[in-house]
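Asker: Residue numbers (my numbering), protein chains in the order written: chain E, 168 to 583; chain W, 168 to 583.
Backbone N, C-alpha and C define an ideal beta-carbon position, used for all residues, glycine too.
My questions will all concern the structure given below.
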């Protein structure tokens, strides 16, 4: 009980820090998410030390980002994703290949041997769908082609990144690459996404027509939340990120009659829980290790490399959307977020990364997450392709319009 | 990351178990909360072993019950509490005194010395406001006099129980009772409740008239959630339960213009998070220690004693409400819930309780929590004092009527 109440204080601090950070970011016309990450850095161990990442906070953070991707899935139809399948595939593959090759060459150039360099490069590959999804959702542009390409590419990206991590981990111990078992892992992950995403939505579409939820006791919300948590866990069993499962669950739920009502009900959950994800992401940066000229130089180069290689991959893959659309996709793929942090932590615990490299990779992941959202927001707002763009905070939740059955292609979103 | 995903499975199991348990309870016409606690017992270490109480789950559970009491506070006005202040005070005091005296005598009669007996009796004193509040909320009777007396008494009860725990802990080591410091503790706790509850609502009432929330960015929900988390933590600093602070925060928020909208927005939070509290409460019972005739006998006597003494205290204190109203109050005070479990855990770790006594007290706490809700629901439904009682599940959330400014005294509640 005592420890629980100690964490209650951290919960309070994280929640307030997110609100304050979001408001300050808004004042200087940056996306809320940037303010929340920076606030996390401030209250975290590096500066104020009011919040220390711990298991309970990690779980809250994980549930927060799972719900965020679920809500993004709720606004995404599998048909829309299929229509941009080719571009999404190209973006996913090129967005992994280009950063990986360039990352390996850079890493080797600063010292580590080839196996270690490959591991470091794996951190350049990661894409954090959560951060871009938040910006897209906040601007109300999830229905645009670029957004769908980014979301589809994030799924493919996650599959490839998982494979790559398997490969580079095997190479560290000088171990043999077992191509057969890697192919099985690949087939399983692809199978999971296809079966859940394609079959799940088809079944739900058929079932939703004649299935009226037992509305007075078991609410639709409880049912889809159970599905969301279940698929999030299942995804991790196939080596994928939990958010991939949550995103698929959201897509399945978007086929129900109640999807608009579910969107409204999901918003308060996002208000409470997503701050934990963004603040904790910020809290993980270690400023002390970066306090040398050499570290800062490494960080600068790594960040520029991470930004440009991902931009190149996304841009080349999405050229079908026109130069401007491809640029939006490239920028949208930039944030490494918590995925980069996780790979860095794996590298540190496996003895592959030095403390300095670890701190640089973590800081690079966060810098890309802070740099990309304002650029993306600026590009999307000046694009003029979408009407009704609202310069809105990410946490407004007062919009309780009755749910409508129609699915407007482009309607303004109110934060979450 | 790996451990986090392992807990994701437990999160999923807890959530599904709560839904299944709630539905089964509904089928046999018991309140959902009973089904959720029993489901917790089933998935917990005693039976299936799928869920092991751990710190992250405790934190989710704590946030769940904090939000539950916040939502109860949202439906409670401080004026209404004041009107029943006398009865609430009498119920609080008698509901502590009678179980404590009888509990001490019983505990001494089965073996332990006087100091230990006093500690055991402290577990008889606890009242779990969460369990009764859930039943009252579900039946839509939070506006009735009995409900207000129960809620007011729960606050007084918590203050007295905290004091008592301080006294019996001091007595264990054969230590001196420092009356002066106990009086300071008492004054601080009472001061906290009065200042926050009385002054907070007055300030909010005055402020709410001319304060229009910055509605397009920082939502009212985010503001009141911050207040809820902050006061929950602050309450623990004054030795009170976190839920007391959350309840006060809800009462303050009920003075805003947006209280009806806040109620609607709070429901999805309850759907997601309160199951953790009830399932985890159930998961804490240790059936193995109870598998002897002697233990079962002790458990039976302890449970009957706990039920009757609390009933007597509540009934005597609330006689002003008439015999039937007093009976409702007495039954409403019966559940010991997690508070009894916490005191038992304190006793075990302090070496005051044997494993057997610990298991008996925990099982007693849960049995009172399982027995009381159906009786209370039956009494309230047959009472006929309130119109519009709905035999509703505790988790329905489809009711998204636009928020109304008027505050109907008795309107049907739809579960959460």
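1) How far does the alpha helix (DSSP H) with residue 299(W) in it reach, from first residue to last?
2) Might you give, ordered along the chain, the residues of its own chain that have their beta carbon closer than 8 Å to the beta carbon of residue 172(E), omitting 5 neighbours on each side?
3) For residue 402(W) and residue 357(W), what's the separation of their Cα atoms in angstroms?
4) Mapping DSSP to helix, strand and coil, what is residue 406(W)?
5) What's the call for residue 231(E), buried or exposed, on a 16-neighbour Cβ count within 10 Å?
6) Return helix, strand or coil for residue 209(W), following the three-state DSSP convention.
7) Extract the residue ranges of the alpha helix (DSSP H) inside the segment 437–477 of chain E, only unbroken runs of 4 or more that lie entirely within it.
8) Can you give me, in chain order, the residues of the segment 222–233 of chain W that have a beta carbon less than 9 Å from any beta carbon in chain E?
9) Could you tell me the alpha carbon to alpha carbon distance between residue 177(E) and residue 453(E), rounded to whole angstroms?
10) Verify the CB distance criterion: does residue 292(E) have a CB-CB separation below 9 Å to chain W?
11) With a CB to CB cut of under 6 Å and the five nearest residues on each side skipped, what residues in its chain are close to residue 476(E)?
12) Leaving out five residues on either side along the sequence, give the residues of the same chain with a beta carbon under 6 Å from the beta carbon of residue 533(E).
13) Kindly indicate if chain W contains any beta-carbon less than 9 Å away from that of residue 204(E).
14) Taking the alpha-carbon positions, what's the residue 482(W) to residue 314(W) distance?
15) So, helix, strand or coil for residue 228(E), using DSSP?
16) What is the residue span of the alpha helix (DSSP H) that residue 289(E) lies within?
17) Check whether the segment 276–293 of chain E touches the segment 517–525 of chain E, taking contact to mean three or more Cβ pairs, one atom from each stretch, closer than 8 Å.
18) For a cutoff of 9 Å on Cβ pairs, would you count residue 572(E) as touching chain W?
19) If we cut at 9 Å on Cβ distances, does residue 434(E) have a partner in chain W?
20) Once DSSP output is grouped into helix, strand and coil, what is the label at residue 125(W)?
21) Ignore the nearest five residues each way along the sequence and tell me which others in residue 352(W)'s own chain have a CB closer than 8 Å to its CB.
22) Note down, in chain order, every chain E residue with its Cβ under 7 Å from the Cβ of residue 423(W).
23) Tell me which same chain residues have a C-beta within less than 6 Å of the C-beta of residue 512(E), skipping the five on either side of it?
24) Under 8 Å by Cβ, that's how I've got residue 319(W) and residue 412(W) pegged, so tell me the actual separation to the nearest angstrom.
25) Short of 7 Å Cβ to Cβ, which residues in the segment 265–285 of chain E face chain W?
26) For chain E, find out if any of its Cβ atoms is closer than 9 Å to the Cβ of residue 339(W); answer yes or no.
27) Would you give the residue range spanned by the alpha helix (DSSP H) that residue 219(E) belongs to?
28) Less than 7 Å between C-beta atoms, sequence neighbours within five positions excluded: which residues of the same chain meet that for residue 372(W)?
29) Would you call residue 558(E) buried or exposed, if buried means 16 or more other Cβ atoms sit within 10 Å of its Cβ?
30) Using the rule of at least 16 other Cβ atoms within 10 Å of the residue's Cβ for burial, across every protein chain shown, is residue 228(E) buried or exposed?
31) Shorter than 9 Å from the beta carbon of residue 182(E) to some beta carbon of chain W?
32) Taking just the CA atoms, how far does residue 499(E) sit from residue 276(E)?
33) Thinking C-beta only, is residue 449(W) closer than 9 Å to residue 225(W)?
34) Pull out every residue of the segment 287–314 of chain W whose Cβ sits closer than 9 Å to any Cβ of chain E, in chain order.
35) Under 9 Å, Cβ to Cβ, is there at least one residue of chain W near residue 179(E)?
Answerer: Reading off the structure:
1) In the second chain, counting from the first residue as 1, residue 299(W) sits at position 132. Element bounds for residue 299(W): 296–306.
2) On the first chain, residue 172(E) is found 5 positions in, with the first residue counted as 1. None.
3) As a position in the second chain, residue 402(W) is number 235, starting the count at 1. As a position in the second chain, residue 357(W) is number 190, starting the count at 1. Residue 402(W) and residue 357(W) have their C-alpha atoms some 11 Å from each other.
4) Here residue 406(W) is taken as the residue at index 239 of the second chain, counted from 1. Assigned with DSSP and collapsed to three states, residue 406(W) falls in coil, not helix or strand.
5) Counting from 1 along the first chain, the entry for residue 231(E) is found at position 64. Under this definition residue 231(E) is a buried residue.
6) For the purposes of this step, residue 209(W) is taken as the residue at position 42 of the second chain. Taken through DSSP and simplified to helix, strand or coil, residue 209(W) comes out as helix.
7) List check, alpha helix (DSSP H) in window: nothing returned.
8) So the list reads 222, 223, 224, 225, 226, 227, 228, 229, 230, 233, given in the order they occur along the chain.
9) Taking the first chain and counting its residues from 1, the one referred to as residue 177(E) is at position 10. Taking the first chain and counting its residues from 1, the one referred to as residue 453(E) is at position 286. The straight-line gap from Cα to Cα measures roughly 19 Å.
10) Within the first chain, residue 292(E) is the residue found at index 125, counting from 1. Using a Cβ-Cβ cut-off of 9 Å, residue 292(E) does not count as an interface residue toward chain W, since no Cβ of chain W sits closer than that to its own.
11) The count along the first chain starts at 1 and reaches residue 476(E) at position 309. Short of 6 Å from the beta carbon of residue 476(E), and not among the five residues preceding or following it, lie these beta carbons of its own chain, in chain order: 265, 266, 269.
12) Your numbering for residue 533(E) matches position 366 in the first chain. Spatial neighbours of residue 533(E) in its own chain (CB-CB distance under 6 Å, excluding positions within 5 residues in sequence) are listed in chain order as 452.
13) Counted from its first residue, the first chain places residue 204(E) at position 37. Chain W, which has no Cβ nearer than 9 Å to the Cβ of residue 204(E), makes this no.
14) Working through the second chain from its first residue, we reach residue 482(W) at position 315. Working through the second chain from its first residue, we reach residue 314(W) at position 147. If I take the Cα positions, the gap works out to 13 Å.
15) Residue 228(E) sits at position 61 when you count from the first residue of the first chain. If DSSP states are grouped into helix, strand and coil, residue 228(E) belongs with the helices.
16) For the purposes of this step, residue 289(E) is identified with residue 122 of the first chain, where counting begins at 1. Per DSSP, residue 289(E) belongs to the alpha helix (DSSP H) from 281–292.
17) Yes, they touch.
18) As a position in the first chain, residue 572(E) is number 405, starting the count at 1. Caution is warranted here: a pLDDT of 38 is assigned to residue 572(E), below 50, making its placement in the model unreliable, and the coordinate value is therefore given only provisionally. For residue 572(E), no Cβ of chain W is located within less than 9 Å of the residue's own Cβ.
19) Here the question's residue 434(E) lines up with position 267 in the first chain. Against chain W, the CB of residue 434(E) has a partner CB under 9 Å away; the residue lies at that interface.
20) With chain W covering only 168 through 583, there is no way to say anything about residue 125(W).
21) Position 185 of the second chain holds residue 352(W). Closer than 8 Å at Cβ, skipping near neighbours: 329, 330, 333, 406.
22) Looking up residue 423(W) in the second chain gives position 256. Neighbours of residue 423(W) on chain E: none; closest Cβ ~12 Å, over 7 Å.
23) Position 345 of the first chain, counted from the first residue, corresponds to residue 512(E). When the five nearest sequence neighbours on each side are left out, no beta carbon in the same chain lies closer than 6 Å to the beta carbon of residue 512(E).
24) On the second chain, position 152 is the one that residue 319(W) refers to. On the second chain, position 245 is the one that residue 412(W) refers to. The pair is not a contact, with the Cβ atoms about 16 Å apart (cut-off 8 Å).
25) For the segment 265–285 of chain E, the beta-carbon criterion of a distance under 7 Å to any beta-carbon of chain W is satisfied by none of its residues.
26) For the purposes of this step, residue 339(W) is taken as residue 172 along the second chain, with counting starting at 1. For residue 339(W), the closest Cβ of chain E is not nearer than 9 Å.
27) Working through the first chain from its first residue, we reach residue 219(E) at position 52. For residue 219(E), no alpha helix (DSSP H) run applies, since DSSP gives it neither H nor E.
28) Looking up residue 372(W) in the second chain gives position 205. 422.
29) By one-based count along the first chain, residue 558(E) stands at place 391. At residue 558(E), the pLDDT of 37 sits below 50, so the modelled position is not reliable and the matter cannot be decided from this model.
30) Position 61 of the first chain, counting from 1, holds the residue named residue 228(E). With at least 16 other beta carbons inside 10 angstroms of its own, residue 228(E) counts as buried.
31) Position 15 of the first chain, counting from 1, holds the residue named residue 182(E). For residue 182(E), the answer is yes, since a Cβ of chain W falls inside 9 Å of its Cβ.
32) The residue labelled residue 276(E) in the question sits at position 109 within the first chain. The residue labelled residue 499(E) in the question sits at position 332 within the first chain. Distance between the alpha carbons of residue 276(E) and residue 499(E): 28 Å.
33) Within the second chain, residue 225(W) is the residue found at index 58, counting from 1. Within the second chain, residue 449(W) is the residue found at index 282, counting from 1. No. Outside cutoff.
34) Residues passing the 9 Å Cβ filter: none.
35) For this step, residue 179(E) is matched to residue 12 along the first chain. Chain W contact via Cβ: present.
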